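> Sequence positions in the sequence shown follow this note's numbering and run 83 to 279.
By construction, the Cβ of each residue, glycine as well, lies at the ideal position given by its N, Cα and C atoms.
Just so you know, these numbers come straight off a predicted model, no measurement behind them.
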Amino acid sequence: NKVLLPAVQLLAGIPSVVYGFFGMIVMVPAVQAMVKSDFFKTVLHVKSGKGMSLFTASLLLGIMILPTIITVSKTSLDAVPQSYYEGSLALGATHERSVFCAVLPAAKSGVMSAVILGVGRAIGETMAVVMVAGNQTWMPKGLFQGLRTMTSNIVIEMGYAADLHREALIATGVVLFVFILLINLCFSLVKGGEKNG
Numbered sequence: 083n084k085v086l087l088p089a090v091q092l093l094a095g096i097p098s099v100v101y102g103f104f105g106m107i108v109m110v111p112a113v114q115a116m117v118k119s120d121f122f123k124t125v126l127h128v129k130s131g132k133g134m135s136l137f138t139a140s141l142l143l144g145i146m147i148l149p150t151i152i153t154v155s156k157t158s159l160d161a162v163p164q165s166y167y168e169g170s171l172a173l174g175a176t177h178e179r180s181v182f183c184a185v186l187p188a189a190k191s192g193v194m195s196a197v198i199l200g201v202g203r204a205i206g207e208t209m210a211v212v213m214v215a216g217n218q219t220w221m222p223k224g225l226f227q228g229l230r231t232m233t234s235n236i237v238i239e240m241g242y243a244a245d246l247h248r249e250a251l252i253a254t255g256v257v258l259f260v261f262i263l264l265i266n267l268c269f270s271l272v273k274g275g276e277k278n279g
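Put into structure tokens, the structure is as follows:
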């Protein structure tokens, strides 16, 4: 706890461009080598793929949102009264059963809130995704193909966009805004359910 929690908090403070740089230097070559391996070609039937891909971007985003999810989930679990755990043990439950059947259900809404916040951060992420996703303007045919996200599209093209092109980018921004609004609404509903419960 003394080592892990400060490490997670440190990860939460790292700028997204540093994550993107890490992804370019470490993850992209690793995924490229993985896709070229015989296992991927014969067992998983992946015929072609790139290091800069949907898979790499998803993996990097997963690493980026973990600190948010862990921190909020830990706070939620710490808020559960110790008597829940002790009462479960007193009734004869094992340590694992007490945690999963007594403590975790009591902290469920907090853990759900953590996941919703993490997904919200992932949807709005731009810089790291631009660096590892391959920046291709067509729909990917598989996990190991490049792509361009909506946020990346706005950042890359807004500088020179005009007329209809600019309007399309603004519409993309509105779609993103609606997504974030829906995620915040889900967060509010989960937190509201926690207060009512």
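With Ala184 as the anchor, note down where its alpha helix (DSSP H) starts and where it stops.
For this step, residue 184 is matched to residue 102 along the sequence shown. No alpha helix (DSSP H) contains Ala184, which DSSP labels as neither H nor E.
> How is Leu93 classed by DSSP in three states: helix, strand or coil?
For the purposes of this step, residue 93 is taken as residue 11 along the sequence shown, with counting starting at 1. Here Leu93 sits in helix by DSSP.
> Measuring straight from C-alpha to C-alpha, what distance separates Val113 and Lys132?
Reading the sequence shown from its first residue, position 31 is the one you call residue 113. Reading the sequence shown from its first residue, position 50 is the one you call residue 132. Rounded to whole angstroms, Val113 to Lys132 spans 8 Å at the Cα level.
> When DSSP labels each residue in this structure, what does Gly105 get in the three-state scheme?
Position 23 of the sequence shown holds residue 105. Reduced to three states, the DSSP call for Gly105 is helix.
> Please classify Ala89: is it buried, with 16 or more other beta-carbons within 10 angstroms of its beta-carbon, or exposed?
The residue given as residue 89 occupies position 7 in the sequence shown. Answer is exposed; the Cβ neighbour count stays below 16.
> Just checking, does the region 135-153 make contact with the region 85-101 on the three C-beta pairs under 8 Å criterion?
Enough Cβ pairs lie closer than 8 Å, so yes.
> Can we say the region 164-173 touches the region 111-125, given the rule of at least three CB pairs closer than 8 Å?
The region 164-173, when compared against the region 111-125, does not touch it at the 8 Å Cβ threshold.
> Which residue wins for smallest C-alpha separation from Thr254, given the options Asn266, Tyr242, Leu264, Thr233?
Residue 254 sits at position 172 when you count from the first residue of the sequence shown. Measuring from the Cα of Thr254, the nearest candidate turns out to be Thr233.
> Taking only the alpha-carbon atoms, compute the straight-line gap between Met194 and Phe269 and give it to the nearest angstrom.
Mapped onto the sequence shown, residue 194 falls at position 112. Mapped onto the sequence shown, residue 269 falls at position 187. Computed Cα separation, rounded: 8 Å.
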